[in-house]
Amino acid sequence: MWGAQQYHAREGHLRVPRKHIEHLAGGAAVGRQNGAEEPLTVRLGTWLDNARKRASKLTKQRRADPRPTHAHPGQG
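807 is the number of the first residue of the sequence shown in our numbering; add one for each residue after it.
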């Protein structure tokens with residue numbers, strides 16, 4: 807997940823506060839409001855917290871698979 811990679815590169819860890827929203831660099835604009843593009847954001851803290859809480863419910867094979875289920879909106 808690009809948001810997690812970006813956060814880790816900047817902060818050096820993935821201890822993300824639950825309320826943290828990551829603004830993806832380089833990028834993609836998802837909408838316009840009054841002519842201004844809105845940057846793509848990811849609710850990274852919530853996503854990571856949920857993934858960690860639900861990890862025990864996944865099969866061993868799924869836990870071992872490093873690929874996220876949805877790497878980017880519109881893909882996966």
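For each residue, glycine too, the CB sits at the ideal point set by N, CA and C.
Query raised in the report: Do you know whose CA, among 808, 822, 850, 867, lies nearest residue 832's CA?
Result: The shortest Cα separation from residue 832 among 808, 822, 850, 867 belongs to 808.
Query raised in the report: Roughly how many angstroms separate the alpha carbons of residue 823 and residue 846, rounded to a whole number?
Result: 19 Å
Query raised in the report: Near residue 849, which residues of its chain fall below 7 Å by C-beta distance, leaving aside the five closest residues on each side in sequence?
Result: 827
Query raised in the report: Straight-line CA distance for residue 864 to residue 844?
Result: 35 Å
Requested in this report: Measure the alpha-carbon distance for residue 829 versus residue 860 and round it to whole angstroms.
Outcome: Taking the straight line from one Cα to the other gives about 24 Å.
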